[in-house]
Amino acid sequence: MKEILLNPQLWSATLAMATPLALPALGGTFSERSGVVNIAMEGIMLIAAFFAVLFAHLTGSAWLGLLGAVIVGMIVAVIFAWAAVTLTADQVILGMAINIFASGFTAYLLNTIFGFSGTPTDTPMLPNIDIPIIKNIPFIGQILSGNSVIVYLMIILIFASDYFLFHTNLGLRIRAVGENPEAAETAGINVIKLRYLGVALSGLFSAIGGAYLSIGLLNSFSTDMSSGRGYIALAAMIFGKWTPFGSFGAALLFGFATALSMQLQNSALSKNIIMMLPYILTVLALVGVGGKSVPPAADGVPYTPKK
Amino acid sequence: MSKVLKSIYMPILAVVIAIIIGSIIMLATGFNPVAAYASLFIGAFGTLPNIANTLANAVPLIITGLGVAIAFNAGLFNIGAEGQYWIGAIVGTWIGYSFKGLPWYIHIPLALIAAMIAGGLWGGIIPGFAKAYTGAHEVITTMMMSYVAIYFSHYLLEFGPMMEKGSVPQSPLIRDSAVIPTIVPNTQLSYGIVIALVAALFVYWLMYKTVWGYEMRAVGFNQRASKYAGMNVPFNIVLSLSLSGIFAGLAGAVQILGVQHRLYDSFTSGYGYTAIVVALLAKNNPIGVVFSALLFAALGTGSQYMQLNAQVPGQLTDVITGLIIFFVAADKIIELFKTMFKKQKKEELAS
């Protein structure tokens, strides 16, 4: 056990596995703070992962792949927002619908565009980045340096999100809309617009997370490759009490469980038992063991403007 | 009669719109939608074995769908039916192979009842009590419990206590005395279909003809008013989530005893997720569940035939499923279409 914990590979894998959880968890924080439960993030990740590969292959640039993924992801998010916010449809059911659609649609396109041989092997990947000075520190350097550019982008986004949500006027308004839309509207805030913004941000962050799976960690797409990460991200967000840093911490914990279970590949008992832990912890967090996790008061409740 | 028509009008319209959008997607990607839908239909209903397999596919969807519908009726979202299904399958398998020398009329009910209890505990007691007494949202708790169940089944089958010695991850075969016999030879259709239909009638009776059912629906309709009327809201939450889990667990066991006869280590069966879709399309009506389960079962069996004969990737049916649910949920879109259509008609009349 000691050897495993002292292996820098375990910790860099933790960071790598936490990234595609932390990004949608961060996105979910915006969406739920504005009062919209977005379980469609799973599907948005999957669609973004596919279009990242498609655009990267067509243009020969991983950056354009990322851009394309973000645009398509945001389009899906806005469609979700339109149905959930404007048409006041049930948010959880809509999310399910988009996730099923995404799973089928990406698999269908994979087969029709690339055929059964899968995505092309020469698809470009987003670069890994070496951090000067840190890279030369033993152990720490192996963990913190040389990661995908998305990992560093995620870290910047966490700080930026925390500042935005808790230290800017717009952030305060988003939170007000999620806590008490009636009062917010009375104060002259456009509830609908801000909910669109919250959902769009969740789409943006989920799309980056999805692109990381297909052109950050690898350079290929496979059917259902998001494998429930959008849902786990929701759990991380709850575990992190709807805050950017909390979400990141929970994502690291879940990432650690995944990384550890990969290291313990050959001992079936500990591997599968360890994989259960994050889920059990989330249930315990929800039930209120170790301080209760309270969602924004108007989370998941559609709102119709009074005028 | 017009009331019945009104309640099935929206779901049917949603299906039609989804099929049209599916056609557009096929045309855009160079396939012939008429040929695709025709082969889908033949694959699902064209021959007696195909019909039997479609019915067999419907069995786990009907039973799990009933469970999800009960929770929905009480205003609760059991998104973790998949995990409860696995728990039922695990317990059903274990009883199926580990008890020797029982006659079938004891062995089969024993396995089914144990699976129902296990599914009920998993889906009901933990998420139910968490919801009723701490307010923990059932969407997340049932989903988390679902993942725990799936990893638990991996643990049991990958070198765990249920793995058959010296082989790929799978459990031993259940004994003959626990096998639910097939109706149509060489197909997957077993007497499980009878269990599914009886279950649908039972749930209909329970939800619409008993006080328990009335109270659960009342709690789903308006929790605060039900509390004011003297109903025990926490009890009804636990009861409806437990019943939901009981049916998902039963579905898992019926699938093992009737079709699979052993547990395989695949990540997910998918029935628990499709069951949510089944219940939604049926608007949570137990009899409607039977028909909507048949529709999705037909899409499932037909898609393989469509892939072989029209070369259209079978996942197209998931695209259509997603679209159906989208339009069922966002039913105001349909009203939007209707008003647009009416406007157009008026303009035509005016001109």
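Line order of the protein sequences matches chains A and B.
The numbering used here numbers the first residue of the first sequence as -15 and each following residue consecutively.
The numbering used here numbers the first residue of the second sequence as 23 and each following residue consecutively.
Beta carbons are placed, not taken as given, at the ideal position from N, Cα and C, and that holds for glycine.
Which term fits residue i, buried or exposed, when burial requires 16 or more other beta carbons within 10 angstroms of its beta carbon?
i       : result
B/S120  : exposed
A/Q(-7) : exposed
B/P335  : buried
B/A372  : exposed
A/S18   : buried
B/S291  : buried
B/R246  : exposed
B/I259  : buried
A/F35   : buried
A/A281  : exposed
B/I46   : exposed
A/S245  : buried
A/N293  : The requested residue 293 of chain A does not occur in the structure, where chain A is confined to residues -15 to 291.
B/Y236  : exposed
B/S248  : buried
A/Q249  : exposed
B/T69   : exposed
Excluding sequence positions up to five away, which residues of its chain have a Cβ less than 6 angstroms from the Cβ of residue i?
i      : result
B/G322 : N79
B/A40  : I342, L345 and I346
B/G267 : Q106, G141, G142, W144, G145 and G146
B/I92  : S262, L265 and S266
A/I97  : none
B/I217 : V276
A/S159 : First, the residue type needs correcting, since residue 159 of chain A is Arg and not Ser in the sequence shown. Excluding residues within five positions, the ones whose Cβ falls inside 6 angstroms are R17.
B/V281 : Q210
A/M259 : S245
Below 8 angstroms on C-beta distance, what does residue i contact in chain A?
i      : result
B/I355 : A67 and L71
B/M184 : Those within 8 angstroms of B/M184 in chain A number zero; the least Cβ separation is about 12 angstroms.
B/L345 : A81 and F85
Among the residues of its own chain, which have a CB less than 7 angstroms from the CB of residue i, if the five just before and after it don't count?
i      : result
B/T86  : A103, Y107, F269, A270, A273, Y293, G294 and A297
B/A158 : A152
B/F63  : G324
A/F85  : G27
B/H176 : D287
Who are the near neighbours of residue i in its chain, counting only those whose CB is closer than 8 angstroms to its CB and skipping five residues on each side?
i      : result
A/A73  : A67 and P286
A/L185 : G11, F14 and S15
A/I176 : V69, T70, Y287 and P289
B/F349 : L35, A36, I39, A40, I355 and I356
A/F148 : L154 and G155
A/V133 : L110, P111, N112, I113 and G200
B/H129 : I117, G118, F121, R197, S199 and A200
Could you tell me which chain B residues have their CB closer than 7 angstroms to the CB of residue i, listed as they occur along the chain?
i      : result
A/F240 : Simply none; closest approach about 16 angstroms.
A/V76  : F99 and V161
A/A167 : Within 7 angstroms Cβ-Cβ: nothing; A/A167 doesn't reach chain B, min ~21 angstroms.
A/V271 : A152, T156 and A158
So residue i contacts chain A; which residues on that side make the cut at Cβ distance below 7 angstroms?
i      : result
B/Y10  : With chain B running from 23 to 373 in the structure shown, residue 10 of chain B is simply not present.
B/M32  : The premise fails here: B/M32 is roughly 13 angstroms from chain A at the closest Cβ pair, so nothing lies under 7 angstroms.
B/A111 : Per Cβ cutoff of 7 angstroms: no residues; B/A111 is ~16 angstroms from chain A at best.
B/V22  : Past the boundaries of the shown model lies residue 22 of chain B; chain B is included only from 23 to 373, so the question cannot be answered.
For residue i, which option in the options has the closest C-alpha, if you only look at C-alpha atoms?
i      : options                           : result
A/G187 : A/S(-4), A/I23 and A/K(-14)       : A/I23
A/I142 : A/I(-12), A/L(-10) and A/L5       : A/L5
B/V161 : B/I139, B/L195 and B/V90          : B/V90
A/I222 : A/V60, A/M58 and A/P262           : A/P262
B/I148 : A/A281, A/D283, A/V267 and A/P280 : A/V267
B/N95  : B/V225, B/D340, B/N254 and B/K368 : B/V225
A/Y92  : B/D353, B/Q329, B/K360 and B/A351 : B/Q329
B/P194 : B/P203, B/I202, B/T204 and B/P183 : B/P183
B/T115 : B/F318, B/S314, B/L279 and B/A332 : B/L279
B/R284 : B/W227, B/L316, B/L88 and B/A111  : B/A111
Closer than 8 angstroms: is that where the CB of residue i sits relative to any heavy atom of the ligand HEM?
i     : result
B/I85 : Among the components modelled here there is no ligand, and therefore nothing to report on the ligand HEM.
Could you name the residues of chain D that residue i contacts, counting a contact when the two beta carbons are closer than 8 angstroms?
i      : result
B/E237 : Looking at the structure shown, chain D is missing, and the protein chains on hand are A and B.
Give the interface partners of residue i over in chain A, defined as CB-CB distance under 9 angstroms, in chain order.
i      : result
B/M253 : The contacting residues do not exist; B/M253 stays about 23 angstroms from chain A at best.
B/E104 : Per Cβ cutoff of 9 angstroms: no residues; B/E104 is ~11 angstroms from chain A at best.
Identify the contact partners of residue i in chain B, using a Cβ-Cβ distance below 9 angstroms as the criterion.
i      : result
A/V267 : I148, P149, A152, A158, I162, T163, M166, M167 and V170
Please name the residues in the segment 327 to 343 of chain B whose beta-carbon is closer than 8 angstroms to at least one beta-carbon of chain A, in chain order.
Residues P335, Q337, L338, T339, D340, V341, I342 and T343.
Proximal residues, the segment 292 to 320 of chain B versus chain A, C-beta separation under 9 angstroms:
Y295, T296, I298, V299 and L302
Beta carbons nearer than 9 angstroms to chain B: which residues of the segment 80 to 95 of chain A have them?
M80, A81, I82, N83, I84, F85, A86, S87, G88, F89, T90, A91, Y92, L93, L94 and N95
Going along the segment 210 to 227 of chain A in order, which residues come within less than 9 angstroms of chain B, judged by CB to CB distance?
S211, G212, Y215, I216, L218, A219 and I222
Could you name the residues of the segment 348 to 372 of chain B whose beta carbon sits closer than 7 angstroms to any beta carbon of chain A, in the order they occur along the chain?
Those residues of the segment 348 to 372 of chain B that come within reach of chain A (Cβ to Cβ, closer than 7 angstroms) are F348, A351, A352, K354 and I355.
So if I threshold CB-CB distances at 7 angstroms, which residues from the segment 129 to 142 of chain B count as touching chain A?
none
Against chain A, which members of the segment 39 to 68 of chain B pass a CB distance test of less than 7 angstroms?
T51
Taking any Cβ of chain A, which residues in the segment 196 to 210 of chain B have a Cβ under 7 angstroms from it, in chain order?
Listed by position, the residues of the segment 196 to 210 of chain B near chain A (Cβ gap below 7 angstroms) amount to none.
Residues of the segment 259 to 283 of chain B in Cβ contact with chain A at a cutoff of 9 angstroms, in chain order, please.
Listed by position, the residues of the segment 259 to 283 of chain B near chain A (Cβ gap below 9 angstroms) amount to none.
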